[in-house]
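J.:
Number of protein chains: 2
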Amino acid sequence: MAKDEAALRSDPGDRVAPGTRADWVDRRLRSAILSGELEPGERLVAGPLAQRFAVSATPLREAIQRLAARGLVEIEPQRGARVAPASPRDAEEIYELRALLDPRALRDSLEHSDDAHRAAIELAYEDMVRPKGGADLVELLDRHAAFHATLLARCRSRWLLRLTALLADHSQRYAMLATLAGAQAGHHDTVAEHGALRDAALAGDVARAVTLLREHLEQTLAGLRAVAGREVAVVRAAAPRDTRRRT
Amino acid sequence: MAKDEAALRSDPGDRVAPGTRADWVDRRLRSAILSGELEPGERLVAGPLAQRFAVSATPLREAIQRLAARGLVEIEPQRGARVAPASPRDAEEIYELRALLDPRALRDSLEHSDDAHRAAIELAYEDMVRPKGGADLVELLDRHAAFHATLLARCRSRWLLRLTALLADHSQRYAMLATLAGAQAGHHDTVAEHGALRDAALAGDVARAVTLLREHLEQTLAGLRAVAGREVAVVRAAAPRDTRRRT
DNA sequence: AGCACGTATAATTTATAAATTATTGAGTCA
DNA sequence: TGACTCAATAATTTATAAATTATACGTGCT
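Quick note, the sequences are listed as chains A and B, same order.
Plus 17 on top of the position in the first sequence (first one is 1) and you've got our numbering.
Plus 17 on top of the position in the second sequence (first one is 1) and you've got our numbering.
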């Protein structure tokens, strides 16, 4: 039948590059929030933002709705949207959950790894430790996130991956905020940790890799706690951009 | 504006609904999906839906975006949205994650319980075991979800609660689908399990409550596996409502 | 007939404009 | 002076209409 031919042509998945404007604004806003370009608590006013991105109100609004569902922005009905506030408490919750979920995902991923996966891990690691372009901080954190995501990529549970990706977004934001707050403390030799993690993953030593990842996350959390005080100060400083200056 | 909208909006279960139209459509669509009123894989065409809900395209679209971010609908750019497909595999993943996360949330919740919380638990339990109005299936599942949510309510980690709530939504959908598929199996004496859970929670026996919850979830998963075959059949039967019309 | 191409139709996506709601500020009365 | 009212303004929210894209169908060619 001709049905098969038609089905082949409209095969889902051949469209790799989604091109709608709402998607673009979504990604753009996400990276703006993760990079700190938009500060926590900052208001997102529809008009100026639409002009700044050269899009209409509709796709902008849709992007905001999606980000709200992901927890990156908060919407108060009838009163506008703002970048999700940041707090040390939230950061602790996020990293605790990552310490619980990421190792689990890593175990399943490594147990179903293959050559292509290991190659991808090696590549992501190289991209991370030896950034090509400018040593931009946001680029560095993007590579870091990509490395972790690659490690988990073979996990078969799409839901577990969905949750880890969600948490990874937020922890990337906190990593950036902490760095901006002057977090030189907590520099617990992350390069060595990542290297050991890479080696264990490539060697197929699942148990060791899982342990290393958990320790890595816990130490990151500890380092984040070390600058919690300063971070709070920064958040407080950014907060006064509040809506109403009611007495 | 048209005056008949008030009548249209007084559909069952929304009158205490403050907020915007998009919020309303969001809740309405969510419950439609969770109740199976909209079947997995079913297309969500903007025009008819907007007319059916008596709203414009904009708020409807925003609601769909939010539901997509929550995983209840899937959007293929330029090609429309559809209710997220259901599969036994997804159900397993969801219940496995619940078995991991819910007990953790329950532990923290019960460790910070108080009289008001215990009263809420007792109330939610009564509402569940003795439904007042019609013995509607969706109402029953809503009460069941409410009971579980109440148990976890005192958990201090807002992120953990966010994840459990997300998973609860999807597991409620699967509970409905399984029941519609004729899941009399898996009736592993849920009433007794819930009763014991309630008792342990009210008595402050945290360890026991946590164990009971984990077992409850694992048995629910087991019961769900029992009807997996039939469920697949149902999903397959519903699937042919696919995108492209028959040739 | 079978396949490709072009046109027509339908649906999504975006833009623009109207309307509802919140907030600000001045003016007024106690 | 202080609080309260009420218009003015700004922002969100919704509606409507235009444009972009995908899909279906008919037409002509090999």
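Even for Gly, the Cβ is constructed at its ideal location relative to N, Cα and C.
The structure displayed is predicted, hence computed values, not measured ones.
So Y191/B packs on A108/B, CB below 8 Å; how close in whole Å?
T.: Right, their Cβ atoms sit about 5 Å apart.
J.: Run through the segment 168-219 of chain B for me and flag every whole alpha helix (DSSP H) of 4 or more residues, listed as ranges in chain order.
T.: Those alpha helix (DSSP H) runs which fall completely within the segment 168-219 of chain B and span 4+ residues are 175-197.
J.: State yes or no: is the C-beta of A220/B nearer than 7 Å to some heavy atom of the ligand FAD?
T.: The ligand FAD is not part of the structure shown, which contains no ligands of any sort.
J.: Any idea what DSSP makes of R267/A, helix, strand or coil?
T.: As shown, chain A starts at 18 and ends at 264. That puts residue 267/A outside it, with no answer to give.
J.: Between the C-alpha atoms of T207/A and L154/A, what's the straight-line distance to the nearest angstrom?
T.: Those two C-alpha atoms are separated by around 15 Å.
J.: Excluding the 5 residues preceding and the 5 following G36/B in the sequence, name in chain order all residues of the same chain whose CB lies nearer than 8 Å to its CB.
T.: Here the set comprises nothing.
J.: Can you tell me where the beta strand (DSSP E) with A98/A in it begins and where it stops?
T.: From DSSP, the beta strand (DSSP E) with A98/A extends over 98-100.
J.: Do L180/B and L180/A have their C-beta atoms closer together than 8 Å?
T.: A contact, by the Cβ cut-off of 8 Å.
J.: Are the beta-carbon atoms of P148/A and A103/A separated by less than 8 Å?
T.: Result no, Cβ atoms of P148/A and A103/A do not sit closer than 8 Å.
J.: Whose Cβ in chain A lies nearer than 8 Å to the Cβ of I111/B?
T.: Going along chain A in sequence order, the residues near I111/B (Cβ under 8 Å) are W176.
J.: For R54/B, report the span of its beta strand (DSSP E) as first-last.
T.: According to the sequence provided, residue 54/B is Glu. The question's Arg does not apply to it. Note, E54/B: premise wrong, no beta strand (DSSP E); not H, not E.
J.: Is Q95/B close to chain A? Criterion is C-beta to C-beta, closer than 8 Å.
T.: Yes, Q95/B lies at the interface with chain A (some Cβ there is under 8 Å from its Cβ).
J.: Check each candidate in A166/B, E59/B, G53/B and name the one with the smallest Cα separation from A127/B.
T.: Sequence check: residue 127/B is Leu here, not Ala. It is A166/B.
J.: Does the structure place the segment 123-138 of chain B close enough to the segment 219-236 of chain B that three or more beta carbon pairs sit under 8 Å?
T.: Because the criterion of three Cβ pairs below 8 Å is met, the segment 219-236 of chain B and the segment 123-138 of chain B touch.
J.: Pull out every residue of the segment 166-194 of chain B whose Cβ sits closer than 9 Å to any Cβ of chain A, in chain order.
T.: Listed in sequence order: R173, S174, R175, W176, L177, R179, L180, L183, L184, H187.
J.: Does R83/B come within less than 8 Å of chain A when only Cβ atoms are used?
T.: Judged by the 8 Å Cβ criterion, R83/B is in contact with chain A.
J.: Report yes or no: is there a C-beta of chain A within less than 8 Å of the C-beta of E128/B?
T.: So no, E128/B is outside the interface.
J.: Go ahead and label H271/A buried or exposed: buried means 16 or more other beta carbons lie within 10 angstroms of its beta carbon, across all protein chains shown.
T.: Since the first and last residues shown for chain A are 18 and 264, residue 271/A lies out of range.
J.: Does the pairing of the segment 57-71 of chain A with the segment 56-74 of chain B give three or more beta-carbon distances under 8 Å?
T.: With a cut-off of 8 Å, the segment 56-74 of chain B and the segment 57-71 of chain A do not count as touching, because too few Cβ pairs lie within range.
J.: In or out: S73/B buried (at least 16 other Cβ within 10 Å) or exposed?
T.: S73/B comes out exposed.
J.: Which partner residues does E109/A have in the DSSP bridge list?
T.: In DSSP, E109/A forms no bridge with anything.
J.: So what does DSSP say about E93/B, is it helix, strand or coil?
T.: Residue state, collapsed to three classes: coil.
J.: Please name the residue, chosen from R106/A, A136/A, L178/A, that lies closest to R242/A on a Cα-to-Cα basis.
T.: Per the Cα distances, R106/A.
J.: Less than 8 Å separating the beta-carbons of A217/B and I138/B?
T.: Not in contact: A217/B and I138/B (Cβ atoms no closer than 8 Å).
J.: What does a CB cutoff of less than 7 Å around S52/A pick up in its chain, not counting 5 residues either side in sequence?
T.: Closer than 7 Å at Cβ, skipping near neighbours: V155, M193.
J.: Who are the neighbours of T237/A on chain B, taking C-beta pairs under 7 Å?
T.: Those do not exist, as T237/A stays about 16 Å from chain B at its closest Cβ, beyond 7 Å.
J.: For a cutoff of 8 Å on Cβ pairs, would you count T37/B as touching chain A?
T.: By this cut-off, T37/B is an interface position.
J.: Which runs of the alpha helix (DSSP H) at least 4 residues long sit entirely within the segment 112-162 of chain B? Give them in chain order.
T.: Listed in chain order, they are 132-146.
J.: Would you decide whether L140/B is buried or exposed? Buried here means 16 or more other CB atoms lie within 10 Å of its CB.
T.: Exposed is the call here.
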